[in-house]
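Right, one structure below, let's go through it.
Set out below in C-alpha cells:
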C-alpha cells in the first residue's frame, strides 16, 4: 500500500473496517437450529452441548441432582413426621371425644347401658394410644373411668362392664395428703429400716389395720375401722427406700417396717386395706384403709 | 433503532422465538467476523452458536446499559473466545490450528504464502493487523467490526472510555507503522 503521507486515523479505521468486514451475512440453518434448540432447552443449562461448557455443566447437573435427591428425602421425612403426628393427634383426639361423651353421660345420669358403652368406647380409644404416649392424655380419662365404674358398680343395672376390671394403665391425678385417716393401727416391730433415711426415721412396726385412704384417694379415706385388717408390709416395698412421693406420709397409724411409702398413684393400694368400692382386693382390709407405708412421710425429707 | 432493538430484546426476554431470531440475524455477521479473528474461521460458527446459547440462558440478567445489547453479546463472545484459547492451551494441536488462523485473519496460510492476497490493500491491512498484539487486535475488532462505541467497548473490556480511546489511538499508530514497514 504505497503512500507518501501518513494515513489518518479515520482513514485507517475505514481501511481496517473494509479489510475485516464480515464475510458472511446470514446465519447458517445449523446456527438457527442451535438457537431454537437453546430456546427450547430452557434454564441455565442451555448451551450444554458446547464443548467448552461441558465440564462445568456436568458438575452443575450433578449438584442439582444431589440437591434434588436431598430435597426429596427431606420432603419424605417431613411427610412421615406430619402423617405420624396427625395419626397421634387423631388418637388423642378420639380419647378426648370419648372422655367428653362419658363425662356427659355421667352428668346427665344416663342409663347404665349407655354409660357402660361409653366406658367401653373410652377404654378402646385409650388402648389405641401407644403406652408411651398415654401420659399426654392427662388424668381426666382415668378419673372418668374410675368414676363411671364406681357408678356402674353401685347402680341397679347389669353392673360395671368387663373393661372396668382391666382398665388400661393411665396416669392418675397427683397424689395428695391423706386426711382424716382412721385410727392408728397397731404397730409391731419392724424389720427393715429405711436405708436412706436421714431424718425422721419412721418407727419400726407394722401398721396393723391401716385405715387411711390410698394416697390418691386420701380425701375419701378415714372411715375404715382398721380393726380387722392386718397390715403386712408388701414384700416389694420393704426395701427401705426413702419415700419419693408426698402421699401417705402423715396419716397416723400406718406404717410398715420402714417400708417405702406409696409413690404417687402406683402406691395407692394399702396393705391390708380395701379401697372404697375399689376393684383391687386386699385381704382382710376395710374401706378406707390407711396405706401402710411410711407413716411420717419418709425420712428422706 | 435502539428503541426498536430494545423492544425486540424485551420480546426475546419473554421467550419470543421470532424476536430471538431477529436479534441473531442482526448480530450474526459482526459476531462471526469478530470470532473468526479470535478463534479461527473454522471455529467461528461454533463459537457464535455458543455465544448465542449463553445469551439465551442469561438474557434474564441483561439490563440495557451504555454497551446496549450488542455490547452485551460481544462481551459474551469475548469470554467464549477466551475459553476457546484456554482449551486450546490444554490441547497443543488446537493451539497450532488456532494460531494459524488467528494470525492471518481467517485466511488459509497457504494462500498468504503464495503472495496472492498480500497484493491487495486489504490484505496488507489484514497482515499488518495480524502482527498487532492481542490487546490491540481485540480493541480494534470491537470498535471496527463490532461497531461498538468507545463506551460500549470500555464496558466489554472492563476499562474506562478514555482509556479505550487512548489505547485505540496507540493501536492505530502501531498498525500504521506496520503498514509503512510493509510498504517500505
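Chains as they are written, first to last, in my numbering: chain A, 7 to 307; chain H, 9 to 192. Even for Gly, the Cβ is constructed at its ideal location relative to N, Cα and C.
Count the other C-beta atoms from every protein chain shown that fall within 10 angstroms of the C-beta of residue i, then say buried if there are 16 or more, exposed otherwise.
i                      : result
residue 85 of chain H  : buried
residue 84 of chain A  : exposed
residue 261 of chain A : The predicted model places residue 261 of chain A with a pLDDT of 39, which falls under 50 and marks its position as unreliable, so this point remains unresolved.
residue 144 of chain H : buried
residue 179 of chain H : buried
residue 146 of chain H : buried
residue 14 of chain A  : exposed
residue 15 of chain H  : exposed
residue 241 of chain H : Outside the displayed range of chain H (9 to 192) lies residue 241 of chain H, so it cannot be described from this structure.
residue 80 of chain A  : exposed
residue 176 of chain H : buried
residue 147 of chain A : buried
residue 82 of chain A  : exposed
residue 86 of chain A  : exposed
residue 54 of chain H  : buried
residue 137 of chain A : exposed
residue 153 of chain H : buried
residue 70 of chain A  : exposed
residue 97 of chain H  : exposed
residue 152 of chain A : buried
residue 75 of chain A  : exposed
residue 89 of chain H  : buried
residue 172 of chain A : exposed
Quick one: residues in its chain with C-beta nearer than 7 angstroms to the C-beta of residue i, no 5 flanking neighbours on either side, listed in chain order?
i                      : result
residue 120 of chain A : 111
residue 39 of chain H  : 56, 59, 81, 85
residue 19 of chain A  : none
residue 142 of chain A : 98
residue 161 of chain H : 147, 150, 151, 172
Taking Cβ to Cβ, would you say residue i is nearer than 8 angstroms to residue j?
i                      : j                      : result
residue 135 of chain H : residue 190 of chain H : yes
residue 79 of chain H  : residue 164 of chain H : yes
residue 127 of chain A : residue 174 of chain A : no
residue 70 of chain H  : residue 13 of chain H  : no
residue 134 of chain A : residue 100 of chain A : yes
residue 33 of chain A  : residue 42 of chain H  : no
residue 150 of chain A : residue 118 of chain A : no
residue 45 of chain A  : residue 172 of chain H : no
residue 131 of chain A : residue 104 of chain A : yes
residue 308 of chain A : residue 122 of chain A : Residue 308 of chain A lies beyond the residue range present for chain A, which begins at 7 and ends at 307; the question has no answer from this structure.
residue 35 of chain A  : residue 37 of chain H  : no
residue 22 of chain A  : residue 35 of chain H  : no
residue 30 of chain H  : residue 67 of chain H  : no
residue 22 of chain H  : residue 12 of chain A  : no
residue 26 of chain A  : residue 137 of chain H : yes
residue 25 of chain H  : residue 42 of chain A  : yes
What are the boundary residues of the alpha helix (DSSP H) that residue i is part of?
i                      : result
residue 13 of chain A  : That residue, residue 13 of chain A, is in no alpha helix (DSSP H); it is neither H nor E in DSSP.
residue 155 of chain A : 146 to 160
residue 126 of chain A : 118 to 134
residue 171 of chain A : Residue 171 of chain A -> no alpha helix (DSSP H), and no H or E assigned at all.
residue 64 of chain H  : 49 to 66
residue 36 of chain A  : 35 to 47
residue 70 of chain H  : No alpha helix (DSSP H) holds residue 70 of chain H; DSSP gives it neither H nor E.
residue 148 of chain H : 142 to 148
residue 32 of chain A  : Counting along the chain, residue 32 of chain A falls outside any alpha helix (DSSP H), and DSSP gives it neither H nor E.
residue 130 of chain H : 129 to 139
residue 152 of chain H : Neither: residue 152 of chain H is in no alpha helix (DSSP H) and is coded neither H nor E.
residue 158 of chain H : 158 to 165
Which residues in chain B sit within 9 angstroms of residue i, going by Cβ to Cβ distance?
i                      : result
residue 157 of chain H : Chain labels in this structure do not include chain B; the protein chains are A and H.
Looking only at its own chain, which residues have a Cβ that is under 8 angstroms from the Cβ of residue i, when we skip the five neighbours before and after it?
i                      : result
residue 114 of chain H : Here residue 114 of chain H scores only 48 on pLDDT, less than 50, and its place in the model is too uncertain to base an answer on.
residue 139 of chain H : 186
residue 96 of chain A  : none
residue 155 of chain H : 38, 78
Skipping 5 residues on each side, what residues in its chain have a beta carbon closer than 6 angstroms to that of residue i?
i                      : result
residue 159 of chain H : 74, 169
residue 93 of chain H  : none
residue 124 of chain A : 107, 108, 111
residue 17 of chain H  : 77
residue 166 of chain A : 155, 158, 159
Do residue i and the ligand ATP come close, with the Cβ less than 7 angstroms from some heavy atom?
i                      : result
residue 190 of chain H : Summarising the ligand content, the structure contains no ligands, and the ligand ATP is consequently not present.
Where the stretch 26 to 38 of chain A meets chain H: residues whose CB sits under 9 angstroms from a CB there: For chain H, the residues of the stretch 26 to 38 of chain A that bring a beta carbon within less than 9 angstroms of one of its beta carbons are 26, 27, 28, 29, 30, 31, 32, 33, 34, 36, 37, 38, in chain order.
Looking at chain A, which residues of the stretch 74 to 85 of chain H have a Cβ within less than 8 angstroms of any of its Cβ atoms? Those would be none; no residue qualifies.
Between the stretch 93 to 116 of chain A and chain H, which residues of the former have CB atoms less than 9 angstroms from a CB of the latter, in chain order? Cβ proximity to chain H below 9 angstroms picks out nothing from the stretch 93 to 116 of chain A.
Any C-beta of chain A within less than 8 angstroms: which residues of the stretch 37 to 48 of chain H qualify? So the list reads 37, 38, 40, 41, 44, 45, given in the order they occur along the chain.
Quick one, which residues of the stretch 140 to 169 of chain H are near chain A if we go by CB-CB under 8 angstroms, in chain order? For the stretch 140 to 169 of chain H, which is checked against every Cβ of chain A, the residues closer than 8 angstroms are 148, 149, 151, 152, 153.
Using a Cβ-Cβ cutoff of 7 angstroms, what residues of the stretch 51 to 64 of chain H are near chain A? List them in chain order. Those residues of the stretch 51 to 64 of chain H placed with their C-beta closer than 7 angstroms to a C-beta in chain A are 53, 56, 57, 58, 60, 61, 62, 64, ordered along the chain.
Which residues, in order along the stretch 137 to 157 of chain A, keep a beta-carbon less than 9 angstroms from a beta-carbon of chain H? Contact annotation: in the stretch 137 to 157 of chain A, no residue has its CB less than 9 angstroms from a CB in chain H.
Identify each residue in the stretch 20 to 33 of chain H for which the Cβ-Cβ distance to at least one residue of chain A is less than 8 angstroms, and report them in chain order. Taken in chain order, the members of the stretch 20 to 33 of chain H whose beta-carbon sits within less than 8 angstroms of a beta-carbon on chain A are 23, 25, 28, 29, 32, 33.
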